[in-house]
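Residue numbers (the numbering used here): 9 to 396.
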Amino acid sequence: MTGNSDFDTYRLSEDHEAIREAVRAVAEDKIAPYAAAVDEEARYPQEAHDALVASDFFAPHVSEEYGGVGADALATCIVIEEVARACASSSLIPAVNKLGSMPLVLAANEDVKKRYLTPLAAGETTFSYGLSEREAGSDTAAMRCKAVRDGDDWVLSGQKSWITNAGVSNFYTVLAVTDPDGPRGNNITAFVLEKGDEGFTFGEKERKLGIKGSPTRELHFDACRIPGDRVVGEVGAGLKIALKTLDHTRVTIGAQAVGIAQGALDHALAYVKERQQFGKRVAEFQGIQFMLADMAMTLEAARQLMYVAAAKSERDDADLPFFGAAAKAYASDVAMQVTTDAVQLLGGAGYTRDFPLERMMRDAKITQIYEGTNQIQRIVMARQLLKG
């Protein structure tokens with residue numbers, strides 16, 4: 009095709025490519041060297057945290073008016089992708105900072121935005137997101153955590169489960185039922201909780217298969233009193249805000265999945281080009297070449313779908329719910345397949361901790377589960393199709 013067609017416009021800008029180059033340098037220099045130890049010791053990746061703050065990749069989505077760099081949704085996904093290529097646990101820092109603060113970006117008043125987005129942009133705290141509960145995972149409207157109005161204050165009681173970076177973050181967007189007798193889905197409100205709030209405590213760290221460097225804990229609220237000026241958006245609109253948030257942030261899980269898969273493919277390629285069997289390099293066997301081709305093909309399809317979804321997130325397109333769900337579901341399935349194949353390509357070596365492939369395979373699994381299981385993503389997609 010020639011001329012100024014619509015197809016000419018689909019190309020990453022020079023700015024996006026420059027961001028990729030800068031993040032990749034930070035990830036290779038300051039994050040990758042600690043990834044194995046972070047996984048082995050199940051410790052928070054403080055080195056990555058500090059490097060991301062120093063390079064302005066910590067919460068890149070926060071707009072300039074709150075002291076952020078104002079990266080668009082695609083640039084933010086590139087940051088997450090490149091960090092995940094080196095260490096999935098570390099990529100959850102920018103990803104969850106967006107997840108936790110997105111309800112504020114979408115719905116909070118100016119005072120709440122200024123108060124909480126400014127320190128986030130400055131790298132003073134991570135920002136977590138409290139939606140799921142033990143008995144309300146995929147069925148978010150069934151949550152039991154409640155907030156009761158008391159004068160100008162609200163008093164929260166209940167718990168939240170599977171909260172990423174819990175205990176590290178100072179700020180938490182928490183969803184709670186504020187009208188128990190109200191219509192399901194329209195009786196939930198979003199609040200900002202602070203780590204030091206009286207009656208707000210944490211459960212023990214979960215012992216997990218992967219992303220071991222990112223602490224996952226329960227949040228517990230025991231008559232936790234917070235001032236009324238911490239409501240995010242309208243009272244009763246919390247679930248709508250939460251689901252709108254996920255439309256945008258599912259794309260970041262797609263980015264994380266793409267990054268993990270790319271890291272695994274990179275290591276597998278390097279290995280098969282060096283390893284020799286039957287007198288020639290393993291990479292020269294056609295069976296191996298077919299595996300590599302399939303890995304690269306599905307990975308690139310996932311990447312392009314994720315980038316399109318990120319562009320739709322930036323524009324807040326009407327079809328974002330479909331594309332966000334599709335990017336998350338497809339990229340995470342691809343990440344699981346690519347990392348599994350990468351382990352296979354290394355043979356026995358792939359199964360050992362001497363190489364990062366087994367870690368990447370374990371890390372990839374969560375991308376099929378959190379921010380809505382891939383079964384839920386398919387429900388979201390089907391609803392969008394049927395609505396049309």
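Using N, Cα and C, we set each Cβ at its ideal position, and we do this for glycine too.
S98 is a Cβ neighbour of I39, given a cutoff of 8 Å. Between I171 and T224 the beta-carbon gap is near 7 Å, inside 8 Å, which marks them as a contact. The shortest C-alpha to C-alpha distance from A309 to any of G175, F330 and A343 is the one to A343.
By the C-beta criterion, the stretch 298 to 315 is judged not to be in contact with the stretch 235 to 247, since fewer than 3 inter-stretch pairs fall below 8 Å.
Between T148 and A231 the beta-carbon gap is near 24 Å, outside 8 Å, which marks them as no contact.
Annotated three-state conformation of V176 is coil, per DSSP. Of all C-beta pairs linking the stretch 122 to 132 to the stretch 153 to 167, fewer than three are shorter than 8 Å, placing the two stretches out of contact. Judged by DSSP in its simplified three-state form, F293 adopts coil rather than helix or strand. Nearest Cα to G175 within the set E143, R142, E226 and A150: E226. Separation of the CB atoms of A335 and M314 is rounded to 4 Å, and the pair is thereby assigned contact status at 8 Å. Listed in chain order, the alpha helix (DSSP H) runs fully inside the stretch 39 to 125 are 40 to 49, 54 to 62, 81 to 94 and 96 to 115, counting runs of at least 4 residues.
With 16 or more other Cβ atoms inside 10 Å of its own Cβ, G271 counts as buried. Selection R323, F298 and T360 evaluated against V346 yields F298 as nearest (Cα-Cα). Residue environment for R157: exposed (fewer than 16 other C-beta atoms within 10 angstroms of its C-beta).
Rounded to the nearest whole angstrom, the CA to CA distance from L217 to M368 is 11 Å. In the same chain as G207, and ignoring 5 residues on each side of it, the C-beta atoms closer than 8 Å to its own belong to L164, F229, D230, A231, C232 and R233, in chain order. Counting C-beta atoms within 10 angstroms of its own C-beta, K320 has 16 or more neighbours from the protein chains shown and is therefore classed as buried. Within the same chain, A350 and L353 come within 6 Å of A276 by CB-CB distance, once the 5 residues on both sides are set aside.
Look at P235 here: in three-state DSSP terms it is strand. DSSP places I268 inside the alpha helix (DSSP H), whose first and last residues are G246 to E282.
Counting along the chain, V200 sits inside no alpha helix (DSSP H); it lies in the beta strand (DSSP E) bounded by residues I196 to E202. By alpha-carbon distance to K203, the top candidate from G190, Y180 and G211 is Y180. The beta carbon of G380 is closer than 8 Å to those of S146, L254, R258, A333, K336 and V388 in its chain, skipping five residues each way along the sequence. Under the DSSP definition of a beta bridge, K288 partners with Q285. DSSP places G332 outside any beta strand (DSSP E); the residue lies instead in the alpha helix (DSSP H), whose first and last residues are L328 to L353.
Taking 8 Å as the upper bound for CB-CB distance, L82 and A318 are in contact here, some 4 Å apart.
Residue range K154 to D158 is occupied by the beta strand (DSSP E) that includes A155. Where M369 is concerned, the enclosing alpha helix (DSSP H) starts and stops at L365 to I374. Counting along the chain, G221 sits inside no beta strand (DSSP E), nor does DSSP assign it H or E at all.
Taking a contact to require three or more Cβ pairs closer than 8 Å, the stretch 72 to 89 and the stretch 192 to 201 do not qualify as touching. Per DSSP, S146 lies in no beta strand (DSSP E) segment and is marked neither H nor E. Out of T134, A184 and F286, the CA that lies nearest to the CA of G244 is found in A184. The beta carbon of V87 lies closer than 6 Å to those of V31, F65, P68 and P102 in the same chain, with the five residues before and after it left out. Around the CB of E143, fewer than 16 other CB atoms lie within 10 Å, so the residue is classed as exposed.
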